[in-house]
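Beneath this line is the structure, given in structure tokens, with notes to follow.
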Amino acid sequence: DTEVTQTPKHLVMGMTNKKSLKCEQHMGHRAMYWYKQKAKKPPELMFVYSYEKLSINESVPSRFSPECPNSSLLNLHLHALQPEDSALYLCASSQADRNNEQFFGPGTRLTVL
Amino acid sequence: QQQVKQSPQSLIVQKGGISIINCAYENTAFDYFPWYQQFPGKGPALLIAIRPDVSEKKEGRFTISFNKSAKQFSLHIMDSQPGDSATYFCAASRPGGFKTIFGAGTRLFVKA
Numbered sequence: 758d759t760e761v762t763q764t765p766k767h768l769v770m771g772m773t774n775k776k777s778l779k780c781e782q783h784m785g786h787r788a789m790y791w792y793k794q795k796a797k798k799p800p801e802l803m804f805v806y807s808y809e810k811l812s813i814n815e816s817v818p819s820r821f822s823p824e825c826p827n828s829s830l831l832n833l834h835l836h837a838l839q840p841e842d843s844a845l846y847l848c849a850s851s852q853a854d855r856n857n858e859q860f861f862g863p864g865t866r867l868t869v870l
Numbered sequence: 002q003q004q005v006k007q008s009p010q011s012l013i014v015q016k017g018g019i020s021i022i023n024c025a026y027e028n029t030a031f032d033y034f035p036w037y038q039q040f041p042g043k044g045p046a047l048l049i050a051i052r053p054d055v056s057e058k059k060e061g062r063f064t065i066s067f068n069k070s071a072k073q074f075s076l077h078i079m080d081s082q083p084g085d086s087a088t089y090f091c092a093a094s095r096p097g098g099f100k101t102i103f104g105a106g107t108r109l110f111v112k113a
């Protein structure tokens, strides 16, 4: 299985809502990533987990809270988002020792009203 | 130092033609140079990648040319097809690093 799955595909939320994005991979990868992508822009790294521990936080606002419950799952908890947070949120995974080769999921299209 | 500059921003090619996208970098510590293909509403997919110990890598209709001294690399798509119409991102990363530096992207449109 060479697939990274993400749920939901689309999410619309108000600024006071709390929601979560989910990502799953079964490739045995021990590094997992969250990216944010705005229209016509490249992906922008948010967080990296390596062996279930947070390795990189690219100064992301605290209204985004990542969680890695196990080596196959990655969550992104959302709270009190702003309209400018509307974007495509991408999950990716890689082998921890060959962390250059990243496999991306299809993304969650988030709209904040 | 951390940037990867990509050109052109957009490209229109006739079916059967050659599409060429160029990238340049500054950080000589980069040792992995992938190209990603992204269709609208989808995540990026790794297309082909090269390391600096080789000057060219070919996979089917896709070829990466790498010039280490000039710190440039390019993607050539031979016999371009309408199904190749997508956004292409070049990228670079350092050994042992989790960060991938992406170029700004090139929107390719192949006319039938």
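As you go down the protein sequences, you meet chains A and B in turn. Start counting the first sequence at 758; every next residue gets the next number (our numbering). Start counting the second sequence at 2; every next residue gets the next number (our numbering). For each residue, glycine too, the CB sits at the ideal point set by N, CA and C.
- For the set B:Val5, B:Gly42, B:Pro83, the Cα lying nearest the Cα of A:Leu845 is the one of B:Gly42.
- Exposure of A:Val769 is indicated by the presence of fewer than 16 other C-beta atoms within 10 angstroms of its C-beta.
- For the region 801-815 of chain A, the residues whose beta carbon sits under 9 Å from a beta carbon of chain B are, in order, Glu801, Leu802, Val805, Ser807, Ser812, Ile813, Glu815.
- DSSP places B:Tyr89 inside the beta strand (DSSP E), whose first and last residues are 87-94.
- In this model, B:Gln10 and B:Pro83 are separated by some 18 Å (Cα to Cα).
- Look at A:Pro823 here: in three-state DSSP terms it is strand.
- A distance below 8 Å separates the beta carbons of B:Arg95 and B:Ala30.
- Within the region 44-63 of chain B, the residues whose Cβ lies closer than 8 Å to any Cβ of chain A are, in chain order, Gly44, Pro45, Ala46, Leu47, Ala50.
- With contacts defined as CB atoms closer than 8 Å, A:Cys848 and A:Leu870 fail to qualify as a contacting pair.
- Annotation: the continuous beta strand (DSSP E) that includes A:Met803 extends over 801-807.
- At a Cβ-Cβ threshold of 8 Å, A:Asn827 and A:Glu809 count as neighbours.
- In the structure shown, B:Glu57 adopts extended strand secondary structure according to DSSP, grouped into three states.
- Exclusion of the five residues before and after B:Phe40 leaves Ala87 as the residues of its chain whose Cβ lies within less than 7 Å of its Cβ.
- The alpha-carbon separation between A:Asn814 and A:Ser822 amounts to approximately 10 Å.
- Listed along chain A is no residue with a C-beta nearer than 9 Å to that of B:Thr107; the closest approach is about 11 Å.
- Of all residues in the region 818-832 of chain A, none comes within less than 7 Å of chain B when Cβ atoms are compared.
- Proximity of A:Gln859 to chain B, defined by a Cβ-Cβ separation below 8 Å, is satisfied.
- In this structure, B:Ala92 keeps its C-beta atom at 8 Å or more from the C-beta atom of A:Phe861.
- For B:Lys72, no chain A residue has a C-beta closer than 9 Å to its own C-beta; the minimum C-beta separation is roughly 18 Å.
- Contact annotation: B:Gly106 and B:Gln7 have beta-carbon atoms nearer than 8 Å.
- For A:Gly864, the closest Cβ of chain B is nearer than 8 Å.
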